[in-house]
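Protein sequence lines, in the order shown, are assigned to chains A and B. In terms of our numbering, the first sequence opens at residue 1 and continues consecutively. In terms of our numbering, the second sequence opens at residue 1 and continues consecutively. First up is the structure itself, then whatever we jot down about it.
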Amino acid sequence: MKKLFGPLAVLAAVLFAVAPFLIANAPYESTMLLIQKIFYFHVPSWIGMYCGLAVAAVASVWYLFKGSKAADRYAVSAAELIVVFGLNGLISGPLWARKAWGVWWQWDVKLTSALLLWLMFVAYLLVRKYGGPGSEKLAAAVAIFGAAVSPFVYVSVNIWRTMHPKTSVVPDIIKNPQGMAAPLLVSMAAFVVLFILLLNLRVALAERQDALDELYLALED
Amino acid sequence: MIRRFCVAVMSMLLLAAPLAAQPPQGQSEFVPVNGLPESEKLPAAPLLVVAYAVFLVLMIFYVWTVWRRLNKVEADMRALEQRTVKGGR
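Below, the structure written as structure tokens:
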């Protein structure tokens, strides 16, 4: 992965350089007009968060059943990125809602469940930081629970009545490209590549922290 | 006589003050209008710019925190290695 870090960083830079031009030239949505362009960074933020959920879930299961330290490093790194990408989604959403709906926040099922999911991973990080020895297993269970809940957050807009657009919006844009597909896909790709880069950076930090802990233990012995 | 007059004036002032401090009466009805004046419309551009700026700031801040933690771990490792070398002597 270290060999791929440079090319991926270049790819991310290119995608993030191209995306604003595509977004600026994308057509306006008929009812929301200019403010709808937040969509091109809002949806990819959640995609970044869902990438993190997938990594955290698989790594946590792996850690619980195999006891792999490497899997634990991936889990904690992914959890931190879930909080970062989720925070971006939770900030960009209200900025969009203020203009589109006239309110910053609506306590409907989609927004509330997304906030709770995000808080679950804030709790994960707090457990890791302040939980003491053995908190890794408890945190892994929290991550698995969070990942298991996440599909319900995604489909909640189709089940309950909510002001949030339905899940059909994104597939519809990709199926019927009218100038909105290219900026969306480029932004999504940029966020996924950024997620991979940040994950690797954070895993490298976790590896060094574990090496330091081992050094301390060796010194005590 | 003057004393009674002063008491009367003071009493009136004391009664008038709370009445004057009352908030204005609430709206009894809402009158609908069609269309919003331009000055009342919320502009979209600042919200859009803030949304993109937040993302940029958030990512820069996160990378900075990782870099800072990495530097701290490296410094701790160097200090520990030096302690080990000194202890070995």
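Cβ coordinates follow ideal geometry from the N, Cα and C atoms, glycine included. These numbers come from a predicted model, not from an experiment.
Of all residues in the segment 62–79 of chain B, the ones placed with a Cβ closer than 9 Å to any Cβ belonging to chain A are TYR62, VAL63, VAL66, TRP67, ARG69, LEU70, VAL73, GLU74, ASP76, MET77, in chain order. Counting C-beta atoms within 10 angstroms of its own C-beta, TYR130/A has fewer than 16 neighbours from the protein chains shown and is therefore classed as exposed.
For LYS129/A, not one C-beta of chain B is nearer than 7 Å to its own C-beta. By the criterion of a C-beta distance shorter than 7 Å, ALA100/A is surrounded in its chain by MET32, ILE35, once the five residues flanking it on both sides are discounted.
DSSP places LEU42/B outside both helix and strand once states are collapsed to three, so it counts as coil. Minimum Cα-Cα distance from LEU138/A among the listed residues GLU80/A, SER60/A, GLY93/A, LEU197/A corresponds to SER60/A.
Distances from the alpha-carbon of TYR62/B to those of LEU197/A, ALA218/A, TYR216/A, GLU214/A put LEU197/A closest.
Pairing LEU125/A with PHE85/A, the inter-Cα distance amounts to about 14 Å. The Cβ of VAL109/A sits no closer than 7 Å to any Cβ of chain B.
Leaving aside the five residues that flank ASP72/A on each side, the residues in its chain whose CB is nearer than 6 Å to its CB run, in chain order, TYR63, GLU136. For chain B, the residues of the segment 83–99 of chain A that bring a beta carbon within less than 8 Å of one of its beta carbons are VAL84, LEU87, ASN88, ILE91, SER92, LEU95, TRP96, ARG98, LYS99, in chain order. In the pairwise beta carbon analysis, the segment 176–190 of chain A is classified as not touching the segment 87–103 of chain A: fewer than three pairs are separated by under 8 Å. The Cβ atoms of VAL149/A and PHE121/A do not sit closer than 7 Å to each other. Looking only at ASP108/A, VAL170/A, ALA13/A, TYR28/A, the smallest Cα-Cα distance to TRP46/A is reached by VAL170/A. Nearest neighbour of LEU56/B by Cα position, chosen from ALA17/A, VAL157/A, SER77/A, ALA26/A, turns out to be ALA17/A.
Listed along chain B, the residues sitting closer than 7 Å to LYS37/A by beta-carbon distance are LEU48. Rounded to whole angstroms, VAL142/A and ASN25/A show a C-alpha spacing of 42 Å.
Here the alpha carbons of LEU119/A and LEU199/A stand approximately 20 Å from one another. According to DSSP, LEU33/A shares a beta bridge with GLU29/A.
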